[in-house]
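Data first, discussion second: the structure below is written as C-alpha cells.
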C-alpha cells in the first residue's frame, strides 16, 4: 500500500484510497500524518470531545446556520432571488464550508450514513449556487450585490473559496471524488483563471485560499493549484491591499513578504493561515528558504508572543498579535480559531521536519485552547480565551446569538461565528494528529487511548493499542498487536515539561526496568513481537510555572500546570468571604495533586480600604502581606472553567 | 458687576458682557470659574503651550480640514452639489465646530482681529449649509446621502450639533450674539422640535448634544434647551439604540440610566461627555440625585479605572474603560479626547461642590494627558497616550494623514482626528480653569504665572499677581495688587501629593514664618492690602509612586513623580548596550531631582538567552537580579517623551 497523495504520485492515483489514508495534511515532508481510519480513539479525553462533537456540535452548527439564513443564502443565489439584503457577514459562506469539512471528517471517521446524508444535502444546496464559470459566493456578484472582487481587503471572497477547497480536500480524502470535489475543482479553476498569470494582480485580505489551493493541488494532483497558491504568497507583503479603517497593512500581513518576515504580526488567524499555506508551498516546491522563514517566525512568535495556553493574539482591537512580551492575562484574545490555525501550522512543520517542539506546542494548544472553547455539552463556545476574568460573565441565553467575543461565558453562536465550526472540523479529525509515519518509523505524537493500525511507508503494517488516562495520569501503555518481522522504530513523544520521564520496555534485551528518557522522542528500534508492551511514565505532579521577566503584565505572579494542562483558580472555589483579587499564592508550599487539578496554599490580603478619590497609586509600597490564616484552595483545569455558573478566574496567581 | 449667565438672570441680560465673564462653563453651582479675560497667563508652562496653540495649532487644524475637504463639505451642501462621495467620517463637521470653539476662545483671550476674521470666514461657510428648518449636517439629509436621523447609533448627527452649540456658547461668551449663535439657536430649536415631546424618541450614539444644549440654554437663557438635554439624558440607558457590530449597549452608555449607574464604562469620551451634560442638567434643575450619581461614578472610576497620568480608557477595541483594576501600561488607550472630557466633568463637579479632589484630577490630567498630546511645535499630536512603549514608533511624515491611534509617535493628523481640535479648544481657554469665585472667596485652582483681576460675586474686585516656575519648582508667590477694603478669603490649592507644604503670609497678624498647610485648600481670610505677598511652597522632590496591589499589570513596578508631573524612562537616555526591558530600579536609593525630571539608580539584568522554542515561561523563578554595576539614569517628564526621535518608554519601572 502506498501513500496515494504524495507529491510524486501520478494524478490518477491520487484520488480516494479509503479512510486509512485520509488525513488533514498530505505533505511531501519528512513525515506523513496517520489517516483518520488508521487510528480509532478509545474514549479518553479526546474521544469524549469527539463524541460530543459528533452528537451535538455538528447539528448545533447546522441549526444555527439554517436559523440565520446562512445556508439559505445559497438557495437564494440558485433561485436568482438574492440581493443586497442577504443575512450574515461577507464570510458566512465559509462557516457552511467548515461545517462540510467537519462532516466529511466525521463520516470518514465513523462511516455514519446519516452524516453522509447531511453532507450531501448541504453540498447539493451549495453546488446549486455555483455560477457557470465556477465562481461561488453568496455575497458578491449577483443582482443587488457588489461586483465580484471589488473589495479584496474586506470582502473575503477568496477566503471563502479557500474553505470550500479545504472541505473538498477532506471529502476527496474520506469519501472519494464526488460532487463537492467537482464544485471545488471548478472554483479553483476559476480562481486560477481570474488571478493567474495575466489575470487580476490581487490577493485576499484574509489568507486561506493559499492553504486551500495547495492542499487541493495535492489531493487532486493538480500542480496549477500549487502554483496559484505560490503566486498569492509571493504577491503578499507589498502593501497593495487597500487599507481598512484604523489598521495598517500588517493587519493582513501585507507589510512584509512571507519569506522576509521575522515574526508573526497583525490578525492572528490571518497570519497563521498564511503560514500554513506557506509551509505547504515550501514543501511542495522544495523552497527551503520559505520553509526556514516560517520556522523562524514560529520560533520568535512562540518564544515572545504566545501564551502559556498556546493561545496566540494579545489584542482585541485587531484580533492580533501584540509586540514581543505583550501577554496580558486579562485581555488575552487567544481566539479559538487562532488556536486551530496554530495547530495547522505546527502540524505542517512537524511533518516537514520531525521536530518534537512543534508537537509540544500542538499539545499545549489542543488542551488549553481547542478543548477550552466548547462547553461540555458541545452547544456553546468561547471565542476569546483570556487567562484572567475580573468580572463574571453574564448569562447567555441558549437561543440568543451573541455579539461578544470577550470571554467570561460561552455563547451558543456569535455574530462572527468562525469558532464553532473550526472546533468542529478539528475535533472530527483529531485522531489523525495523534501519530506520524516516516519510512519504518512510527511516532506517537499525542497520547490518547486508541488503537492504531498504521501502514509503514516501506510496506507492512504496525498495530498498536494505547491505554492511558492521560492527561489525568501520566502512564501511557503501548501494546504491540501486530508488526512486520523486521526491525522498525517506535517513537513516543516526551513533552518538554516531562523531566524525569521513564520508558519501560518489556522484553528489551537490556531490560533493567524503566530507563530515563529526555524530552523529545523516546525511541525503540527492534523487531517487535505481538504482546510487547512499552510503558511511558510522564510525571504529572502539579508544577509551578513562572513568566519570563520581560512579560510585564505577569510580573510577580505564577501559574500551576499539571501534565499538559494549564490550571486556573476560579472564584467559585474560594470561600465566600475571599475575593479572588486578594489571594496570594505561597510558593514555598509545593502544589499537590487534587482530582484532575491541584491544591495550593494561599494567603489572603486584607481588603484595601476605599481610596481617597484618586487614581489607584500610593506614596509607599502597598501592604501586600496576607493578614489572615493560610488556606488551601483547589485549582481546576483551565479548559473546564466557567462551567459552574458565572465566575471570575485567573491562571496567574500573584505570589505572596 | 453680576454674572450675566447665571440661571436666574433674565434672558435679555444673558448675552455677552465682555471677556471678563467669558468662561467655559457657567454653572449654577457653588462656584463660578473665572472669565477668560479675568486671568492673563504670564508665560510659564501653560502660557507657552497656549502661545504655540495660537501660533501653530489653530492654523494647522484649519489647513488639514481644508486639504481633506472637511470644510468644503459645507460649501457643497450650500451649493447643492454634495452627495454620497463626501470626504471624511460622519463626524467630520464636529472638527470644524471644535476649531470654531477654539478660535472663539482665542479671540476672547487676545482680541486678535485676525483670529476673529478666521472665525467669521468659517462661520459664513458653515451657516450657508444650514437647511431652512435649522438642520445642519453635511453627511445626512441631502441628495445622494442617507436620510436624516436614520443611523442614530453611528451617524453622529446630534453629536455634531452638540459641538456646534458648544462653539456658539464660546462665541456668545466672548464675542457676543452674532451669526454663529443664531445658527446654533436655529439648530437647537430644530433638535427640540424633532426630538422633543411628541417627536422622535431617540438619542445619539455619541453623547455631546446634552452638554451642548445645557450650556447653550444657560448662555441664551433658554430653559427649553436644558429641558431637551434632560430629556436626552433620561432616555438613555434603556437599550434602545440599535447595536453596533461586536459591541454591547454599554459601549454608548445605553445599558444603564445615568442616574442609576455606579461607574463609567464603555467608550470613555462618550461616557465623559455624557457625565458633563448630566452635571449641567443636575445643577440647573436642582437634581441632587443626578449630581450624586455622577459624583459616585467619578469616585469609583477614578479610584479603579484611571491611570497615574489621569488618563482614562484602558482598551483600544472600543476606546473604552476596562474593568476595575484593568490598567495595563502598554495598551493604555488614554485617548487625548478622554483627557479633555475628564477635565470637563471634573471642572463641573468642582464648580458644583468646591471639592479640591476634582481640581487635583484636573491638574494630573492637564500635565500628563492634555500637555502630552501636542508636539512642542504644535503640529503633531498623540491620540492614544500609553504609559509604556515596547517598540519605537515609526516616523510619520509631516504631510501624511495617519490612521494610527497607537501612540509611540505624534502624527500631524488622523483618519479620525478628534484630538487636535480638542487640544486646541482646551488650551485656548486654559487660563479660565485656573481660579474660581464663590461669594467673597477667590480660589487659585491651578498654579501658573499670571495676573488675575477677578470680580467678586458680591461686588468689588481682587487683583493678584502670581509668580512661579511651577511645575519645575514648587514655590508659588502671590502678590495682592488690589482688593476691597473688607475681609475676603483667598484660597490656594494644595495638591494631594504635597505633604509638607507650607504657606508663608507676609504681614499676617500671627506671622511666625511659613505654616504647614494640608492638602486641600490653604485659606487666608482677612482684609488684604496691595503689596501683601503669600508664598505657597509645594515640595517637588521626585517621589516614588506604587500601584495598588489589585492592578495586575503593574505589579512589581514603580513610577516616579515630581510635583504634578509623571516622569518616564526613555530608551534614548540609556547607554547603548542597555535594553529598556532589562532595567530594574533600586528603590532603596531615593530619586534625585535632575533638570525638570529625576535621576534614579538602576541595575541591569543579564540579557535572557534565546528561548528553546516554547512560550516564555519556565519551571523556576526567572533570574531577575541585575548582574552588572548599578548606574544612574535620567527620567524625563512624560509629557515630553518621543520628542527626540523614535524611542521605547516606560512610566512604571520594575523594581530590583
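Protein chains in written order, with our numbering: chain F, 1 to 656; chain H, 657 to 1312.
We put the beta carbon where it would ideally sit given N, CA and C, even for glycine.
Handout entry: Min CB distance residue 641 of chain F to chain H below 9 Å
Key = no
Exercise for the section: Anything in chain H within Cβ reach of residue 307 of chain F, meaning under 8 Å, just list it in chain order. Expected result: 1271
Problem - 9 Å Cβ cutoff, residue 416 of chain F in contact with chain H - result: yes
Problem - Option nearest residue 1018 of chain H by Cα separation, candidates H:1036, H:1051, H:1033 and H:998 - result: H:998
Handout entry: For residue 213 of chain F and residue 261 of chain F, the rounded distance between their alpha carbons
Key = 22 Å
Handout entry: residue 798 of chain H to residue 1091 of chain H span [Cα, whole Å]
Key = 46 Å
Practice task
Anything in chain H within Cβ reach of residue 317 of chain F, meaning under 7 Å, just list it in chain order.
Solution key: 972 and 973
Problem - Proximal residues to residue 1217 of chain H (C-beta, below 6 Å), its chain only, five neighbours per side dropped - result: 1199 and 1201
Problem - residue 238 of chain F at chain H interface by Cβ criterion, 9 Å - result: no
Exercise for the section: Can you give me the start and stop residues for the beta strand (DSSP E) that residue 1203 of chain H sits inside? Expected result: 1199-1203
Exercise for the section: With residue 347 of chain F as the anchor, note down where its alpha helix (DSSP H) starts and where it stops. Expected result: 336-353
Exercise for the section: Label residue 1295 of chain H either buried or exposed according to how many other C-beta atoms from any shown protein chain fall within 10 Å of its C-beta, with 16 as the threshold for buried. Expected result: buried
Handout entry: Coarse secondary structure for residue 34 of chain F, derived from DSSP in three states
Key = coil
Handout entry: chain H within 9 Å of residue 62 of chain F, Cβ atoms only
Key = no
Exercise for the section: Below 8 Å on the Cβ atoms is my guess for residue 957 of chain H versus residue 919 of chain H; work out the distance and round it to an integer in Å. Expected result: 5 Å
Practice task
Give a yes or no on whether the minimum CB-CB distance between residue 430 of chain F and chain H is below 9 Å.
Solution key: no
Exercise for the section: Give a yes or no on whether the C-beta atoms belonging to residue 490 of chain F and residue 463 of chain F are separated by under 9 Å. Expected result: no
Handout entry: Under 9 Å by beta carbon: chain H residues contacting residue 618 of chain F
Key = 1201, 1202, 1203 and 1204
Exercise for the section: Closer than 7 Å by C-beta to residue 467 of chain F: which residues in its own chain qualify, once you throw out the five before and the five after it? Chain order, please. Expected result: 449 and 477
Practice task
Measuring alpha carbon to alpha carbon, tell me which of F:299, F:66 and F:329 ends up nearest residue 556 of chain F.
Solution key: F:329
Practice task
Taking 8 Å as the threshold, find out whether the region 138-154 of chain F comes into contact with the region 83-93 of chain F through three or more Cβ pairs.
Solution key: yes
Practice task
Could you confirm whether any beta carbon from chain H is found closer than 9 Å to the beta carbon of residue 101 of chain F?
Solution key: no
Practice task
Determine the burial state of residue 270 of chain F: buried for a count of at least 16 other Cβ atoms within 10 Å of its Cβ, exposed for fewer.
Solution key: buried
Exercise for the section: Just confirm the distance between the C-beta atoms of residue 1013 of chain H and residue 937 of chain H, as a whole number of angstroms; I'd bet it's less than 8 Å. Expected result: Not quite, the Cβ-Cβ distance comes to about 22 Å (not below 8 Å), so this is no contact.
Handout entry: Rounded distance between the beta-carbons of residue 196 of chain F and residue 145 of chain F, thought under 8 Å
Key = The Cβ separation is near 24 Å, so there is no contact.
Handout entry: C-beta atoms of residue 567 of chain F and residue 637 of chain F nearer than 9 Å
Key = yes
Practice task
State the Cα-Cα distance for the pair residue 415 of chain F and residue 402 of chain F, rounded to the nearest angstrom.
Solution key: 6 Å
Problem - CB of residue 25 of chain F within 9 Å of CB of residue 344 of chain F, strictly - result: yes
Problem - Alpha-carbon to alpha-carbon, residue 867 of chain H and residue 1307 of chain H - result: 34 Å
Handout entry: Same chain, Cβ closer than 7 Å to residue 559 of chain F, five either side skipped, listed in chain order
Key = 308, 545, 566, 651 and 652
Handout entry: residue 108 of chain F and residue 174 of chain F closer than 9 Å at C-beta
Key = yes
Practice task
Would you please verify whether the beta carbon of residue 1387 of chain H is less than 9 Å from any beta carbon of chain F?
Solution key: Residue 1387 of chain H falls outside the range modelled here, since chain H spans only 657 to 1312, and no answer is possible.
Exercise for the section: Could you tell me whether the Cβ of residue 559 of chain F comes closer than 9 Å to any Cβ of chain H? Expected result: yes
Exercise for the section: Please confirm if the region 484-504 of chain F is in contact with the region 522-533 of chain F, defined as three or more CB-CB distances below 8 Å between the two stretches. Expected result: yes
Exercise for the section: Report yes or no: is there a C-beta of chain C within less than 9 Å of the C-beta of residue 516 of chain F? Expected result: No chain C appears in this structure, whose protein chains are F and H.
Handout entry: Beta-carbon spacing of residue 273 of chain F, residue 366 of chain F below 9 Å
Key = no
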